[in-house]
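The next block holds one structure in the form of structure tokens; read it before the comments.
Numbering (full-length UniProt numbering), first residue to last: 1 to 235.
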């Protein structure tokens, strides 16, 4: 844990990292947290440490099937009134751990854990003539869009901006800027933008420092790729 003294959030950034992992931060605080997360490697380590810690709390809890009426209410909340086939057959086991472990329950009911059919999505983004090598990753469980920097030099006095182009659309939507000097950029997406990520194309453009002044790409598009559930060989 970082133990930083200065904070803009109640309880400190370290406490906020714990609430983030559990999906308990209010939306306004979550936005502030994610804005800082992409730039603060110590904060990223806090998140990783809390994830490791909380995951151990349910390791030895045996699954317990919830009462049928509880299961029906949870299914209705997650999927609507229509029952799902395979996903529903797995739900008693998931909810058994939820019943036994309050942390897993909090993650499920706050949306930190999405339905089982929501896959992680990836896109490899390479610019051979510049030596740039990046991997985009969408995590539906945490609602974060990540870009891992694997090689190449960040352009001087310029910014690299991330865009998604929803399936069937022509207008790119800004996700944010790739953090300079960091191996991983992690950006939380609001629900309206997150809903448009599946099936979208991700693109990286070169922009003035601070990002595009128009809300659309103004510089060259360096790389693009379709977000896909297939796990890339670079992982």
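From the three backbone atoms N, C-alpha and C, an ideal C-beta is built for every residue, glycine too.
Just how far apart, CA to CA, sit residue 185 and residue 178? 6 Å
With DSSP collapsed to three states, give me the class of residue 51. helix
Which residues mark the beginning and the end of the beta strand (DSSP E) in which residue 137 is found? 132–139
Whether residue 37 touches residue 136 by CB criterion (8 Å): no
Start and end of the beta strand (DSSP E) containing residue 122? 121–127
Let me know if residue 53 comes out buried or exposed under the rule of 16 or more other beta-carbons within 10 Å of its beta-carbon. exposed
For residue 204 and residue 234, what's the separation of their Cα atoms in angstroms? 19 Å
May I ask you to report which of helix, strand or coil DSSP gives residue 176? strand
Can you have a look at residue 231 and say buried or exposed, based on whether 16 or more other CB atoms are within 10 angstroms of its CB? exposed
Buried or exposed: residue 191, going by 16 or more other Cβ atoms within 10 Å of its Cβ? exposed
Nearest to residue 170 by CA position, among 156, 196 and 146, is which residue? 196
My assumption, with CB atoms under 8 Å, is that residue 41 sits in contact with residue 182. Please give the rounded CB distance. 7 Å
How about residue 209 and residue 157: are their beta carbons less than 8 Å apart? yes
Would you mind reading off the limits of the beta strand (DSSP E) that contains residue 36? Premise fails: residue 36 lies in the alpha helix (DSSP H), 27–37, not in any beta strand (DSSP E).
Neighbourhood of residue 39 by C-beta, 8 Å cutoff - its chain only, sequence neighbours within 5 removed: 179 and 182
How is residue 225 classed by DSSP in three states: helix, strand or coil? strand
Length of the line joining the Cα atoms of residue 236 and residue 148: Residue 236 lies beyond the residue range present for the chain, which begins at 1 and ends at 235; the question has no answer from this structure.
Identify the residues that DSSP records as bridge partners of residue 205: which are they? 161 and 221
Do you know whose CA, among 217, 188, 142 and 141, lies nearest residue 172's CA? 217
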